[in-house]
Ligand SMILES: Cc1cc2nc3c(=O)[nH]c(=O)nc-3n(C[C@H](O)[C@H](O)[C@H](O)COP(=O)(O)OP(=O)(O)OC[C@H]3O[C@@H](n4cnc5c(N)ncnc54)[C@H](O)[C@@H]3O)c2cc1C
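In this note's numbering, the protein residues as written are 23 to 467.
Put into C-alpha cells, the structure is as follows:
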C-alpha cells in the first residue's frame with residue numbers, strides 16, 4: 023500500500039454494529055486505502071451471545087477471501103471426518119425421512135460445520151484494526167447535512183457526534199439505520215420462538231438413538247428440534263416452535279419480545295416438546311438452563327441503499343434466521359460493498375456509483391431468498407387446503423417442501439464471482455453506450 027491519501031480524497035465511513043456484518047465490512051474496508059472508517063458498537067465490548075451457528079459453504083468462501091478462515095482450526099468446530107450431513111427425522115417416531123449432503127463438488131474444507139457464535143466472531147475480529155473500533159457508542163439518530171455530497175451527521179446516546187460520507191448499517195434485525203433510511207419498512211414479531219441450550223456431549227451421546235450428526239427432529243405445527251455437537255465437549259439443542267399460550271403477550275411490534283436471548287424456565291421448555299420421541303425427551307432432560315429468542319421478520323426491501331447509506335447483514339434482510347446462513351449473507355454483503363466502492367474509485371466514478379452497484383448485486387439476491395420463503399408459505403397453504411392430515415404426513419410434507427428441496431444454490435452462491443460478472447456487464451454496457459447519448463442509469467453509475 024502506498025502513502026495515505028490526503029484527507030480531501032478520503033471517504034469517511036461509519037459502520038454501525040460489531041456483529042458478523044460490521045466486522046466483515048471493517049475487514050474489507052480496511053483493505054481500501056481511500057477509506058477512513060470507524061466501527062461503532064453499542065455494547066461495552068465486541069461480544070456475542072447465543073450458542074451455535076452453521077458456517078455454510080458460501081460462508082467459508084467469504085471467510086477465506088477475508089483472511090479470517092485461518093483463525094478457525096478443526097478443534098474449534100464440529101464437522102464429521104467424512105464430511106457434513108444434515109438428517110431430518112420425524113421427531114415423534116425417530117424415523118429418518120430426509121438427508122442433505124453438500125453438493126458433490128464441495129471441497130471438504132468448505133463443508134458446513136457448527137461452531138460457537140463467539141468463535142466465529144473472534145475469527146473475524148482478529149482481522150480487524152482494533153484502533154478504529156469504538157464500543158459503548160449507541161447510534162440514536164441520523165440527519166442529512168443537506169450538502170451536495172449528501173453527508174450525514176450521526177448522533178450517539180452519549181452525546182458524541184460524527185459526520186460521514188457513507189453510513190453502513192450493520193446494526194442487526196432491529197436496525198436504527200434502516201429505520202432512518204426506509205422509515206416505511208416494518209419488522210414484526212412472527213409468533214415463532216427459539217429455545218437454545220447446550221449440554222455435555224458425553225452425556226448426550228449416552229442416549230440410545232442420538233448420533234453425532236446435525237439433525238432436525240420435526241414435530242407437528244412447524245415445531246422442530248435441532249441437535250448437533252458444537253465441539254469436542256459441548257452438544258447444542260436449538261428448537262423452534264410457535265409461541266406457547268403461556269408466553270408473555272407482547273404487541274404485534276414485539277413490545278415485550280426480545281430478539282436475542284433471555285432466560286426461560288427449563289420445565290416449561292421440556293413440557294413443550296413432550297410429543298417428541300424418547301431420545302429427544304431424554305436429551306431435553308439434560309438441560310440445566312435455557313434461553314428463549316423471539317423471531318422477528320419483515321418484508322424484502324426493494325433496495326438496500328439510499329443516498330449515502332448502505333444496509334448490510336440482518337439490517338438489510340430481516341429473514342429471521344431462515345436458511346441458517348445469515349452470517350454468510352452478511353459476509354457476502356461486506357465483500358460486495360467494499361468491492362463495489364473499490365471499483366467506483368478505480369474507474370473514476372463517485373462513491374454513489376459503488377453503492378448503486380452494491381445494490382444491483384445484492385437486492386435481487388435477497389429477492390430470490392425471500393421467494394423461497396414464499397414457496398414454503400405456499401406449500402403450507404396447500405397442505406391446509408387439503409384438510410386434516412395425519413401428523414406423520416404433515417411432517418413429511420413440510421420436510422420435503424421447506425427443507426430438503428431446491429435450496430442448494432443459496433449455499434454454493436459465489437458473491438465474488440457475481441460481483442465480477444456484474445462489473446463486466448456494467449462496463450460492457452457503458453462501453454456500448456459511450457458513443458451514444460448517456461442514459462440515466464449509466465450516468466449514475
Ligand atoms: C434462531 C437463529 C438461528 C440462526 N442460525 C444461523 C446459522 O446457523 N448460520 C448463519 O450463518 N446464520 C444464522 N442465523 C443468522 C445470523 O445469526 C445473523 O444473520 C447474523 O448474526 C447477522 O449478523 P449482523 O452483524 O447483521 O447482526 P447482529 O449479529 O445482530 O449484530 C448487530 C450488532 O449491531 C449492534 N447494534 C445494534 N444497534 C446498534 C446501535 N444503535 N448502535 C450501535 N450498535 C448497534 C448490536 O449490539 C450487534 O453487535 C440465525 C439467526 C437466528 C435468529
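No residue lacks a Cβ here, since even glycine has one placed at the ideal position from N, Cα and C.
Got a sec: does ligand 1 put a non-hydrogen atom nearer than 8 Å to the Cβ of residue i?
i, result
"residue 109", "no"
"residue 190", "no"
"residue 180", "no"
"residue 336", "yes"
"residue 76", "yes"
"residue 205", "no"
"residue 161", "yes"
"residue 469", "Because residue 469 is not part of the residues shown, which for the chain are 23 to 467, the question remains open."
"residue 193", "yes"
"residue 128", "no"
"residue 435", "no"
"residue 152", "no"
"residue 49", "no"
"residue 202", "no"
"residue 52", "no"
"residue 68", "yes"
"residue 352", "yes"
"residue 124", "no"
"residue 383", "no"
"residue 346", "yes"
"residue 295", "no"
"residue 291", "no"
"residue 317", "yes"
"residue 299", "no"
"residue 83", "no"
"residue 64", "yes"
Specify, as a first and last residue, the run of the alpha helix (DSSP H) that residue i falls within.
i, result
"residue 48", "42-51"
"residue 71", "That residue, residue 71, is in no alpha helix (DSSP H); it is neither H nor E in DSSP."
"residue 144", "139-147"
"residue 224", "223-226"
"residue 404", "373-407"
"residue 257", "Residue 257 -> not in any alpha helix (DSSP H); beta strand (DSSP E) instead, spanning 256-264."
"residue 333", "Careful: residue 333 lies outside any alpha helix (DSSP H), inside the beta strand (DSSP E) at 331-333."
"residue 302", "300-306"
Which partner residues of residue i appear in the DSSP bridge assignment?
i, result
"residue 62", "38 and 156"
"residue 453", "Answer is none; residue 453 lacks a bridge partner."
"residue 195", "Looking at the DSSP assignment, residue 195 forms no beta bridge with any residue, so it has no partner."
"residue 161", "178"
"residue 237", "109 and 249"
"residue 135", "77"
"residue 33", "57"
"residue 185", "175"
"residue 219", "259"
"residue 327", "332"
"residue 214", "264"
"residue 100", "136"
Are residue i and residue j close, meaning C-beta to C-beta below 9 Å?
i, j, result
"residue 62", "residue 43", "no"
"residue 124", "residue 433", "yes"
"residue 252", "residue 74", "yes"
"residue 210", "residue 320", "yes"
"residue 163", "residue 202", "yes"
"residue 34", "residue 58", "yes"
"residue 221", "residue 38", "no"
"residue 401", "residue 424", "yes"
"residue 236", "residue 412", "no"
"residue 217", "residue 312", "yes"
"residue 76", "residue 347", "yes"
"residue 537", "residue 366", "Any answer about residue 537 is impossible in this case: the structure gives the chain only from 23 up to 467."
"residue 143", "residue 45", "yes"
"residue 309", "residue 294", "no"
"residue 78", "residue 350", "yes"
"residue 416", "residue 242", "yes"
"residue 333", "residue 191", "yes"
"residue 246", "residue 238", "yes"
Where do the ends of the beta strand (DSSP E) carrying residue i lie?
i, result
"residue 251", "246-251"
"residue 121", "118-122"
"residue 175", "174-178"
"residue 167", "Note, residue 167: premise wrong, no beta strand (DSSP E); not H, not E."
"residue 313", "312-319"
"residue 429", "Where residue 429 is concerned, there is no enclosing beta strand (DSSP E), given that its DSSP letter is neither H nor E."
"residue 363", "Note, residue 363: premise wrong, no beta strand (DSSP E); alpha helix (DSSP H) at 348-368."
"residue 284", "284-286"
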